[in-house]
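For the sequence shown, position 104 (counting from the first letter as 1) is numbered 172 according to the numbering used here, and the numbering increases by one without interruption.
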Amino acid sequence: MSVQFPFSAIVGQDEMKLAILIAAVDPSVGGVLVFGDRGTGKSTAVRALAAMLPKMRAVTGCRYHCDPEAGGSACEECRALKLAGKPVKSHLMPVPVVDLPLGATEDRVVGALDLERALSQGVKAYEPGLLARANRGFLYIDEVNLLEDHLVDLLIDVAASGENVVEREGLSVRHPARFVLVGSGNPEEGELRPQLLDRFGLSVEVKTPTDLPSRIEVVRRRDQFERDPVGFTEKWKKEDERVRRSIVKGKSHIADVAVPDAALERAAQLCMALGTDGLRGELTLIRAARSLAALQGDAAVGDAHLKRVAPPALRHRLRRNPLDDAGSTVRVDRAVAELFGA
Numbered sequence: 069m070s071v072q073f074p075f076s077a078i079v080g081q082d083e084m085k086l087a088i089l090i091a092a093v094d095p096s097v098g099g100v101l102v103f104g105d106r107g108t109g110k111s112t113a114v115r116a117l118a119a120m121l122p123k124m125r126a127v128t129g130c131r132y133h134c135d136p137e138a139g140g141s142a143c144e145e146c147r148a149l150k151l152a153g154k155p156v157k158s159h160l161m162p163v164p165v166v167d168l169p170l171g172a173t174e175d176r177v178v179g180a181l182d183l184e185r186a187l188s189q190g191v192k193a194y195e196p197g198l199l200a201r202a203n204r205g206f207l208y209i210d211e212v213n214l215l216e217d218h219l220v221d222l223l224i225d226v227a228a229s230g231e232n233v234v235e236r237e238g239l240s241v242r243h244p245a246r247f248v249l250v251g252s253g254n255p256e257e258g259e260l261r262p263q264l265l266d267r268f269g270l271s272v273e274v275k276t277p278t279d280l281p282s283r284i285e286v287v288r289r290r291d292q293f294e295r296d297p298v299g300f301t302e303k304w305k306k307e308d309e310r311v312r313r314s315i316v317k318g319k320s321h322i323a324d325v326a327v328p329d330a331a332l333e334r335a336a337q338l339c340m341a342l343g344t345d346g347l348r349g350e351l352t353l354i355r356a357a358r359s360l361a362a363l364q365g366d367a368a369v370g371d372a373h374l375k376r377v378a379p380p381a382l383r384h385r386l387r388r389n390p391l392d393d394a395g396s397t398v399r400v401d402r403a404v405a406e407l408f409g410a
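Dropping the structure here:
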């Protein structure tokens, strides 16, 4: 197994790292879109996530690694086991972080007929695809803005329903496909379709460091890692473990985090001031703020949490304003300052 660059060793890019941690604590936030310059650590951060996450419990032998405690969200085989009153064995496994390559075929993504079994045994069997492997984990798409339209449509449907439906070659299969969608890309190479953009809960902008000390530190750490990956990873192990513990605590604490009416009112006021379409902005803002509060061990969502998550939760939901040529981040910051005070 290849050694991944430690999550904690990534220099700067605090908003990107925070957004990934928020999604790890509460997948219902809806995924993370990371847009920015090449060579700014976008894919490094996502791949470092795999080594960061605590292991999850899954049903032994289940192709979709269902949660043994899951009810209606489990696959047909796991539900049948429970209905039959049979003991359900489980094991711990790493949270899946699955890459979706740009050139992937639809069969590889959704799954298809298992040709080997069909030819050798004459049995129509389903061969799960990438969506099955990503269930309860993360689906990562590098250069997501270059993804083919038919795959974009497919991902929108599955992300909305949490279920993958395959009807082809005489097969009729439904299985859970609940994953956190993480996409990265360079805006210079094309924009993301609005329908898919809206499916990302958080949108993060990353830029090349402009101060000399940060640039030097990035190069130094990367060079140290490439010369001695194991030694460098060991050096950052304690810090990564601290972050992992905060994720575990956040997951266990999030159900107890209160969301006062005052916080709901603030979220609605902010979205109204920015003119966001629909109510997904408020929902994402509240979920992200609650996840941040859980990460920090706070008992309730407050103004500080809302202010911190407002830019990534709302910047990609703004309409273009012909009378205001300011960027979306500037508009969100301005609205936050007016509502919450400087």
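Beta carbons: idealized from backbone N, C-alpha and C, even for Gly. Predicted, not measured: the structure shown is a model, and the values here were computed from it.
(request) Please classify histidine 159: is it buried, with 16 or more other beta-carbons within 10 angstroms of its beta-carbon, or exposed? (result) Residue 159 sits at position 91 when you count from the first residue of the sequence shown. Histidine 159 should be labelled exposed.
(request) Give the secondary structure of asparagine 411 by DSSP, where H, G and I count as helix, E and B as strand, and everything else as coil. (result) It is not possible to answer for residue 411, since the shown part of the chain is limited to 69 through 410.
(request) Flag this pair as touching only if the segment 109 to 122 and the segment 213 to 226 have three or more C-beta atom pairs under 8 Å; answer yes or no. (result) no
(message) I need the straight-line Cα distance from valine 298 to serine 70, nearest angstrom please.
(response) Taking the first residue of the sequence shown as 1, we reach residue 298 at position 230. Taking the first residue of the sequence shown as 1, we reach residue 70 at position 2. Cα to Cα, the separation comes out at about 10 Å.
(request) Kindly list the residues whose CB is nearer than 8 Å to the CB of glycine 129, restricted to its own chain and excluding five residues on each side of it in sequence; keep chain order. (result) Within the sequence shown, numbered from 1, the residue matching residue 129 stands at position 61. These residues qualify, in order along the chain: Lys157.
(message) Suppose you measure from the CA of alanine 323 to the CA of arginine 295; what does that come to, to the nearest Å?
(response) Translated into positions along the sequence shown, residue 323 becomes position 255. Translated into positions along the sequence shown, residue 295 becomes position 227. Their backbone Cα atoms lie some 43 Å apart in a straight line.
(request) Give a yes or no on contact between the segment 113 to 133 and the segment 283 to 293, applying the rule of three or more CB pairs nearer than 8 Å. (result) no
(message) Pairs of beta-carbons, one from the segment 308 to 319 and one from the segment 91 to 104, closer than 8 Å: are there three or more?
(response) yes
(request) Helix, strand or coil for phenylalanine 103, going by three-state DSSP, please let me know. (result) Stepping through the sequence shown from its first residue, residue 103 is reached at position 35. If DSSP states are grouped into helix, strand and coil, phenylalanine 103 belongs with the strands.
(message) I need the straight-line Cα distance from glycine 258 to arginine 399, nearest angstrom please.
(response) Mapped onto the sequence shown, residue 258 falls at position 190. Mapped onto the sequence shown, residue 399 falls at position 331. If I take the Cα positions, the gap works out to 22 Å.
(message) Comparing C-alpha positions only, which one of Ala119, Asn232, Lys303 and Leu338 sits nearest to valine 163?
(response) The residue labelled residue 163 in the question sits at position 95 within the sequence shown. Comparing Cα-Cα distances from valine 163 to each of Ala119, Asn232, Lys303 and Leu338, the minimum goes to Ala119.
(message) Bridge partners for alanine 180 per DSSP, in chain order?
(response) Here residue 180 corresponds to residue number 112 of the sequence shown, with the count starting at 1. Paired residue(s): Glu195.
(request) Alpha carbon to alpha carbon, how far is glycine 104 from leucine 260? Give it in angstroms, no decimals. (result) Walking along the sequence shown from the start, residue 260 turns up at place 192. Walking along the sequence shown from the start, residue 104 turns up at place 36. Cα to Cα, leucine 260 sits roughly 13 Å from glycine 104.
(message) Using 8 Å as the threshold, is the C-beta distance between leucine 198 and alanine 180 below it?
(response) Against the sequence shown, residue 198 aligns to sequence position 130. Against the sequence shown, residue 180 aligns to sequence position 112. Not in contact: leucine 198 and alanine 180 (Cβ atoms no closer than 8 Å).
(message) Between the segment 135 to 149 and the segment 233 to 247, can you find at least three pairs of beta-carbon atoms closer than 8 Å?
(response) yes
(request) Over the uninterrupted alpha helix (DSSP H) stretch that includes histidine 133, give me the two end residues. (result) Against the sequence shown, residue 133 aligns to sequence position 65. Premise fails: histidine 133 is in no alpha helix (DSSP H) and is neither H nor E.
(message) Quick check: the Cα distance between glutamate 307 and aspartate 225, rounded to an integer number of angstroms?
(response) Here the question's residue 307 lines up with position 239 in the sequence shown. Here the question's residue 225 lines up with position 157 in the sequence shown. Computed Cα separation, rounded: 38 Å.
(request) May I have the straight-line CA-CA distance separating proline 136 from alanine 148, to the nearest angstrom? (result) Looking up residue 136 in the sequence shown gives position 68. Looking up residue 148 in the sequence shown gives position 80. Computed Cα separation, rounded: 12 Å.
(message) Taking only three categories from DSSP, how would you classify arginine 236?
(response) Numbered from 1 along the sequence shown, position 168 holds the residue referred to as residue 236. If DSSP states are grouped into helix, strand and coil, arginine 236 belongs with the strands.
(request) Compare the beta carbon distance of phenylalanine 300 and valine 100 with 8 Å and say whether it is the shorter of the two. (result) Taking the sequence shown and counting its residues from 1, the one referred to as residue 300 is at position 232. Taking the sequence shown and counting its residues from 1, the one referred to as residue 100 is at position 32. Their beta carbons are not under 8 Å apart, which means phenylalanine 300 does not touch valine 100 by this criterion.
(message) What would DSSP say about arginine 376, mapped onto helix, strand or coil?
(response) Taking the first residue of the sequence shown as 1, we reach residue 376 at position 308. Three-state DSSP puts arginine 376 in a helix.
(request) Return the residue from the list Met124, Ile209, Arg358 and Met84 that minimises the CA-CA distance to valine 166. (result) Mapped onto the sequence shown, residue 166 falls at position 98. It is Ile209.
(message) For alanine 116, which residues in the same chain have their Cβ closer than 8 Å to its Cβ, ignoring the five residues on either side in sequence?
(response) Locating residue 116 in the sequence shown gives position 48, counting from the first residue. Excluding sequence neighbours, alanine 116 sits near Gln72, Phe73, Pro74, Phe75 and Ile78.
(request) Give the secondary structure of aspartate 94 by DSSP, where H, G and I count as helix, E and B as strand, and everything else as coil. (result) Numbered from 1 along the sequence shown, position 26 holds the residue referred to as residue 94. Three-state DSSP puts aspartate 94 in coil, outside helix and strand.
(request) Pick helix, strand or coil for valine 220, following the three-state DSSP scheme. (result) Residue 220 sits at position 152 when you count from the first residue of the sequence shown. Three-state result, valine 220: helix.
(request) Using a threshold of 8 Å, state whether the C-beta atoms of alanine 335 and leucine 360 are closer than that. (result) As a working mapping, residue 335 is identified with position 267 in the sequence shown. As a working mapping, residue 360 is identified with position 292 in the sequence shown. No, they are not a contact pair.
(request) Tell me whether leucine 29 is buried or exposed, calling it buried when 16 or more other Cβ atoms sit within 10 Å of its Cβ. (result) Absent from the model: residue 29. The displayed extent of the chain is 69 to 410, so no value can be given.
(request) Verify whether the separation of the beta carbon atoms of leucine 332 and alanine 403 is less than 8 Å. (result) Walking along the sequence shown from the start, residue 332 turns up at place 264. Walking along the sequence shown from the start, residue 403 turns up at place 335. Not a contact, by the Cβ cut-off of 8 Å.
(message) Cutting at 7 Å between CB atoms, please list the residues of its own chain near arginine 383, excluding the five before and the five after it.
(response) Sequence index remark: in the sequence shown, residue 383 carries index 315 (1-based). Excluding positions up to five away in sequence, the list reads Ser271, Ser396, Thr397 and Val400.
(message) My output table needs one value for valine 311: the three-state DSSP class, helix, strand or coil.
(response) Walking along the sequence shown from the start, residue 311 turns up at place 243. In the structure shown, valine 311 sits in a helix (DSSP, three-state: H, G or I).
(message) Taking the alpha-carbon of arginine 313 as reference, which of Asp82, Pro122 and Ala152 has the nearest alpha-carbon?
(response) For this step, residue 313 is matched to residue 245 along the sequence shown. Arginine 313 has its Cα closest to that of Pro122, out of Asp82, Pro122 and Ala152.
(request) Please say whether arginine 355 and valine 97 have beta carbons closer to each other than 8 Å? (result) As a first step, residue 97 must be located in the sequence shown, where it is residue number 29. As a first step, residue 355 must be located in the sequence shown, where it is residue number 287. In this structure, arginine 355 lies closer than 8 Å to valine 97 by Cβ.
(request) Note down, one range per segment and in chain order, each alpha helix (DSSP H) of at least 4 residues found wholly within the segment 264 to 328. (result) 280 to 295, 297 to 303 and 305 to 321
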